[in-house]
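A.B. asks: First, the structure itself, so that you have it in front of you.
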Amino acid sequence: MLQKQVIKSISVIGLGYIGLPTAAAFASHGIRVTGVDINQRAVDTINRGEIHIVEPGLDKLVKQVVADGYLRAVLTPEPADAFLIAVPTPFTGDSHEPDLSYIESAGRVIARVLKVGDLVILESTSPVGATEQLSAWLAEERPDLTFPHEAGETSDIRVAHCPERVLPGKIMLELVSNDRIIGGITPLCGSAAKALYEIFVEGECILTNARTAEMCKLAENAFRDVNIAYANELSIICDKKGIEVWKLIQLANRHPRVNILQPGAGVGGHCIAVDPWFIVASSPKEARLIRTSREVNDAKPEWVLEKVNAAASRFAALHPGKKPIIAALGLSYKPDIDDLRESPALGIAKELHRVHVEQLIVVEPHIGEASKVLFDKRFVTLEVAIEQANILVVLVKHSDFLALAHRTLRPGQQIIDVVGLLTEHGSIPESRNVIQPVNLTVEKVL
Ligand code: SAJ
């Protein structure tokens, strides 16, 4: 039987928001890490000691470990003692079936360099059964080796699932401090993976089986989605009743057992807007609440667009023959990051651009140069937006936008604040005789 192996080298497949920080964390503990990515630009950037994503603290660490020779990026996998797969798992089309093609191709390419004693860990969020499926794909490529889904504890290769659970924006912190759920296909697979993570994880590494670990990650994100859906539904109900929802939530949350989350433009990102569908796809009859929550959150941008169109009609009624300049404030899927994946704010801005071409300007302090071609390059600073726009739509609660809460706006300028920026950070006082925020939208224009 296979002996316990000391890990000297790790290969991380997928150098995105999870793979790169994880690779850097291992490298900073003196492990030789090879990062593998199909994106030549990402590979070149990392090998220069730079990063291609925005994540606080990551730039310094990558610079250091690349300079020290512990992290190197390549296009094709090389032999290593452990392989971590951190590639995307999107869903396909309207059926929302999980698309495991990235995991499959990662598995098939690393299979070529596997040797007896190696450990393969799936970090990507995955539907139940994906880790066993990965083991089967590896086995197909390497009939000369044995794998745990068939050989159990005697397998040549260990395979486990260890879902990432870090919060974008706080990845470097949570990577180290969060507890890790580790599900081996067999107990030995689990303990090999646990020993690996204990190299840098200070949280507890808790062992379970692969299927429970897979479901655990999906359950966590679905829990959050359901709770955000409640807040979003509440915001629409309150809007109809003329109640300011953020104030209401603050009051309700004074109850010792109530903790309502925040309404917003919808739910974005590559996790919470995606993962609950994996549960729905595998249990369509049972997952009624989870499905409805997805639908509630996905419908929120439409509601925001209705609010903007109503504001545009108000402007048109007051200024016959003129069209309003609309400023979309924020594009990313949540505050203070550059990530546009599944962003409801981006979707709303695109629709506004489609309907109100020539009238839309966009403010996004975190966007990279490459994305500035969007919206016919109509990116401006917050100052310019405040100066030019007739309608300001706050879609993301970026810290950079807090200044807006203390600005005197022009008479007639309208603000649609879908994230509670004005409520939380000092709404524009009535005495300034400009506008009076009521709930999500500024209904009164003086
Ligand atoms: N959001 C709201 N209201 C809230 C909280 C969030 O509308 O009160 C929105 C955000 O604006 C964003 C979306 O929800 O559009 C998701 O943001 P998030 O901060 O809740 O979560 P993510 O997607 O950045 O990261 C989540 C985390 N999961 C949980 O908190 C259960 C993280 O720990 C996971 O590692 C990550 O998904 C992942 O990779 O799966």
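Add 174 to the 1-based position in the sequence shown for the numbering used here, that's all there is to it. Every residue gets a Cβ at the ideal spot worked out from N, C-alpha and C, and that includes glycine.
Taking buried to mean at least 16 other C-beta atoms within 10 Å of its own C-beta, is G204 buried or exposed?
C.D. replies: exposed
A.B. asks: Measuring alpha carbon to alpha carbon, tell me which residue in G438, V547, E297 and E561 is nearest P262.
C.D. replies: E297
A.B. asks: So the beta strand (DSSP E) H335 belongs to, where does it begin and stop?
C.D. replies: R332 to H335
A.B. asks: Under the criterion of a Cβ to heavy atom distance below 7 Å, does A405 qualify as lining the ligand SAJ?
C.D. replies: Taking the Cβ of A405 as the reference point, at least one heavy atom of the ligand SAJ falls within a distance shorter than 7 Å.
A.B. asks: Short of 6 Å in beta carbon distance, which residues of its chain neighbour L435, apart from the five on each side in sequence? Order them along the chain.
C.D. replies: Result list for L435: N401, I402 and A405, in chain order.
A.B. asks: Please work out which residues of its chain come closer than 8 Å, Cβ to Cβ, to V290, disregarding the five sequence neighbours upstream and downstream, and give them in chain order.
C.D. replies: L176, L319, D330 and I331
A.B. asks: Tell me which same chain residues have a C-beta within less than 7 Å of the C-beta of I453, skipping the five on either side of it?
C.D. replies: L392, A396, A461 and I464
A.B. asks: Quick check on D211: does DSSP put it in helix, strand or coil?
C.D. replies: Residue state, collapsed to three classes: coil.
A.B. asks: For a minimum of 3 consecutive residues, which ranges assigned as the beta strand (DSSP E) are wholly contained in the stretch 511-594?
C.D. replies: 534-537, 565-568 and 588-591
A.B. asks: Can you tell which of R552, I380, I590 and R515 has the C-alpha that lies nearest to the C-alpha of V478?
C.D. replies: I590
A.B. asks: Taking 7 Å as the cut-off, is the C-beta of K289 nearer than that to any heavy atom in the ligand MG?
C.D. replies: The ligand MG is not part of the structure shown, which contains the ligand SAJ as its ligands.
A.B. asks: For A387 and G357, which I take to be in contact (beta-carbon distance under 8 Å), what is that distance rounded to the nearest angstrom?
C.D. replies: In this structure, A387 and G357 form a Cβ contact; the two beta carbons are roughly 3 Å apart against a cut-off of 8 Å.
A.B. asks: Enumerate, from N- to C-terminal direction, the unbroken beta strand (DSSP E) stretches of 3 or more residues contained entirely within the stretch 292-321.
C.D. replies: 293-296
A.B. asks: Name the DSSP bridge partner or partners of I184?
C.D. replies: V207 and A256
A.B. asks: Using 8 Å for Cβ pairs, my map puts L293 next to A366. What's the rounded Cβ distance?
C.D. replies: 5 Å
A.B. asks: Considering only residues of the same chain and omitting the five flanking positions on each side of V207, which have a CB-CB separation below 7 Å?
C.D. replies: Within the same chain, V207 has close Cβ partners I184, V186, A197, F200, A201, Y244 and L245.
A.B. asks: Can you name the residues that DSSP bridges to I356?
C.D. replies: Residue pairing by DSSP places I356 opposite L381 in a beta bridge.
A.B. asks: Short of 7 Å in beta carbon distance, which residues of its chain neighbour P475, apart from the five on each side in sequence? Order them along the chain.
C.D. replies: A439, G440, P518, G521 and I522
A.B. asks: Buried or exposed: where does G188 fall if 16 or more other Cβ atoms within 10 Å of its Cβ makes it buried?
C.D. replies: buried
A.B. asks: Taking the CB atoms as reference points, tell me whether A256 and E306 lie closer together than 8 Å.
C.D. replies: no
A.B. asks: Taking all protein chains shown into account, decide if V536 is buried (16 or more other Cβ within 10 angstroms of its Cβ) or exposed.
C.D. replies: buried
A.B. asks: If we count the other Cβ atoms within 10 Å of its Cβ and call it buried at 16 or more, is K508 buried or exposed?
C.D. replies: When all chains shown are included, K508 counts as buried.
A.B. asks: Check V261 in the structure and name its three-state DSSP category.
C.D. replies: coil
A.B. asks: I'd like to know if the stretch 405-415 and the stretch 374-383 are in contact, where contact means that at least 3 CB-CB pairs between them fall below 8 Å.
C.D. replies: no
A.B. asks: What's the call for K182, buried or exposed, on a 16-neighbour Cβ count within 10 Å?
C.D. replies: exposed
A.B. asks: Taking all protein chains shown into account, decide if D268 is buried (16 or more other Cβ within 10 angstroms of its Cβ) or exposed.
C.D. replies: exposed
A.B. asks: How about the stretch 466-475 and the stretch 545-552: do they share at least three Cβ pairs that are nearer than 8 Å?
C.D. replies: no
A.B. asks: Answer yes or no: do N564 and I499 have a C-beta to C-beta separation smaller than 8 Å?
C.D. replies: yes
A.B. asks: Is it buried or exposed, E418, if we count other Cβ atoms within 10 angstroms and call 16 or more buried?
C.D. replies: buried
A.B. asks: Would you kindly work out how many angstroms separate the C-alpha atoms of W451 and E516, rounded to a whole number?
C.D. replies: 14 Å
A.B. asks: For R215, which residues from the same chain have a beta carbon less than 8 Å from its beta carbon, with the 5 sequence-adjacent residues on both sides left out?
C.D. replies: Closer than 8 Å at Cβ, skipping near neighbours: H226.
A.B. asks: With hydrogens ignored, establish whether the beta-carbon of P342 is closer than 7 Å to any heavy atom of the ligand SAJ.
C.D. replies: yes
A.B. asks: Would the C-beta of V441 count as close to the ligand SAJ, meaning under 7 Å from any of its heavy atoms?
C.D. replies: Yes, since a heavy atom of the ligand SAJ falls inside the 7 Å radius drawn around the Cβ of V441.
A.B. asks: Around the C-beta of L347, are 16 or more other C-beta atoms found within 10 angstroms, so that it is buried, or is it exposed?
C.D. replies: exposed
A.B. asks: Do A247 and G209 have their C-beta atoms within less than 8 Å of each other?
C.D. replies: yes
A.B. asks: Output the distance between the C-alpha atoms of E617 and E394, rounded to the nearest integer angstrom.
C.D. replies: In this prediction, E617 scores a pLDDT of 41, lower than 50, which makes its location untrustworthy; the coordinate-derived value is nonetheless stated afterwards. Their backbone Cα atoms lie some 37 Å apart in a straight line.
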